[in-house]
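Heads up: the sequence lines are chains E and F, in that order.
Mapping of the first sequence onto our numbering: residues 3 to 115, in sequence order.
Mapping of the second sequence onto our numbering: residues 3 to 116, in sequence order.
Think of the CB as a built atom: it goes at the ideal place given N, C-alpha and C, for glycine as much as any other residue.
What follows is a single structure, written as structure tokens, with notes after it.
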Amino acid sequence: QQQVKQSPQSLIVQKGGIPIINCAYENTAFDYFPWYQQFPGKGPALLIAIRPDVSEKKEGRFTISFNKSAKQFSLHIMDSQPGDSATYFCAASNTGTASKLTFGTGTRLQVTL
Amino acid sequence: KAGVTQTPRYLIKTRGQQVTLSCSPISGHRSVSWYQQTPGQGLQFLFEYFSETQRNKGNFPGRFSGRQFSNSRSEMNVSTLELGDSALYLCASSPFGGAGTEAFFGQGTRLTVV
Chain E
3 QQQVKQSPQS LIVQKGGIPI INCAYENTAF DYFPWYQQFP GKGPALLIAI RPDVSEKKEG
63 RFTISFNKSA KQFSLHIMDS QPGDSATYFC AASNTGTASK LTFGTGTRLQ VTL
Chain F
3 KAGVTQTPRY LIKTRGQQVT LSCSPISGHR SVSWYQQTPG QGLQFLFEYF SETQRNKGNF
63 PGRFSGRQFS NSRSEMNVST LELGDSALYL CASSPFGGAG TEAFFGQGTR LTVV
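Written as structure tokens, this is what we have:
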């Protein structure tokens, strides 16, 4: 019940395209859903996060869409750039004390010219 | 504001040895969590410390342990190293209680067990 399923495993889009990465969870106690971006040799960097009381959140070119009834959430990257090429991880947690992040398996995104 | 600092960045150890990794959280952050990242298992939670107390623990054997000091700096120890312990070990700090909110990661320590 702690799993977070992420797809696709890899994604190639052209510059300016809108890659979409999807995640699904099972644990209805999860109430915090962040996305992380990781470049080779670096630690994951927090991109954007959402809580289940809203259906969408935008920060710059990054948008999270959240569907509580379907237990799914997704990341959209608007006007993607080659510099966005990285691995993206979704995660989920219960933000009570002593919580932990449960991560998806990651999506390797390549943005071509 | 300085980010999360992990030392050393790279380590090579022999099977059977033990290793200690260090993490300095962002100033003012009191929660420190550790994660293991491998190509096969992805990112997995090891444990979280808050105010020098372990508050949550993942599904790892007792060879993995940690501690937190009064200045919130944390160390992680792995004893009797196995080849499968080769991984990127990541430390994350959070400003509030609870590891699941706004976790900021360091660059990690790459451990290779030979």
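Between residue i and chain F, is there a C-beta pair that is closer than 8 Å?
i, result
"E:Lys102", "yes"
"E:Phe91", "yes"
"E:Gly108", "yes"
"E:Pro10", "no"
"E:Phe75", "no"
"E:Pro46", "yes"
"E:Tyr27", "no"
"E:Thr97", "yes"
"E:Phe41", "no"
"E:Phe105", "yes"
Per DSSP, what are the beta-bridge partners of residue i in this structure?
i, result
"F:Met78", "F:Leu23 and F:Gly68"
"E:Ile52", "E:Phe35"
"E:Asn24", "E:Ser9 and E:Ser76"
"E:Thr97", "None; E:Thr97 has no bridge partner."
"E:Arg110", "E:Ser12 and E:Thr89"
"F:Gln38", "F:Gln46 and F:Tyr91"
"F:Gln56", "F:Tyr51"
"F:Ser96", "F:Ser33"
"F:Ala105", "Paired residues: none, contrary to the question."
"E:Leu103", "Per DSSP, none; premise fails for E:Leu103."
"F:Thr111", "F:Tyr91"
Judging by CA-CA distance, which residue of the options is the nearest neighbour of residue i?
i, options, result
"F:Thr7", "F:Arg17, F:Gly68, F:Ser76 and F:Gly44", "F:Ser76"
"E:Ala1", "E:Met80, E:Leu111, E:Val113 and E:Ser76", "Since the first residue of chain E shown is 3 and the last is 115, residue 1 of chain E is not available in this structure."
"E:Met80", "E:Ile20, E:Pro10 and E:Gln8", "E:Ile20"
"E:Gln112", "E:Val15, E:Leu49, E:His78 and E:Tyr34", "E:Val15"
"F:Gln70", "F:Ser95, F:Ser81, F:Phe47 and F:Asp87", "F:Ser95"
"F:Gly44", "E:Arg53, E:Lys73 and E:Arg110", "E:Arg110"
"E:Thr65", "E:Ile23, E:Thr97 and E:Gln5", "E:Ile23"
"E:Tyr27", "E:Gly98, E:Gln74 and E:Pro10", "E:Gln74"
"F:Asp87", "F:Thr103, F:Pro63, F:Pro10 and F:Tyr51", "F:Pro63"
Determine the direct distance from the alpha carbon of residue j to that of residue i, and round the result to whole angstroms.
i, j, result
"F:Leu13", "E:Tyr38", "25 Å"
"E:Gly62", "E:Lys17", "17 Å"
"F:Thr22", "E:Thr104", "24 Å"
"E:Phe32", "F:Gln56", "21 Å"
"F:Pro27", "F:Gly5", "7 Å"
"F:Thr111", "E:Pro42", "13 Å"
"F:Val115", "F:Phe66", "15 Å"
"E:Ser57", "E:Asn69", "6 Å"
"F:Asn58", "E:Asp55", "26 Å"
"F:Ala105", "F:Trp36", "11 Å"
"F:Glu54", "F:Ser33", "9 Å"
"E:Phe91", "F:Gly30", "26 Å"
"E:Phe35", "E:Ala51", "5 Å"
"E:Pro46", "F:Gln46", "13 Å"
"F:Arg17", "F:Asn79", "14 Å"
"F:Gln19", "F:Thr40", "20 Å"
"E:Gly106", "F:Cys25", "24 Å"
"E:Gln40", "E:Gln5", "20 Å"
"F:Tyr51", "E:Gln8", "28 Å"
Please decide whether residue i counts as near chain E, where near means a Cβ-Cβ distance under 8 Å.
i, result
"F:Gln70", "no"
"F:Gly42", "no"
"F:Ser66", "According to the sequence as given, residue 66 of chain F is Phe; it is not Ser. Output row for F:Phe66: interface = no."
"F:Gln20", "no"
"F:Gln38", "no"
"F:Glu50", "yes"
"F:Asn58", "yes"
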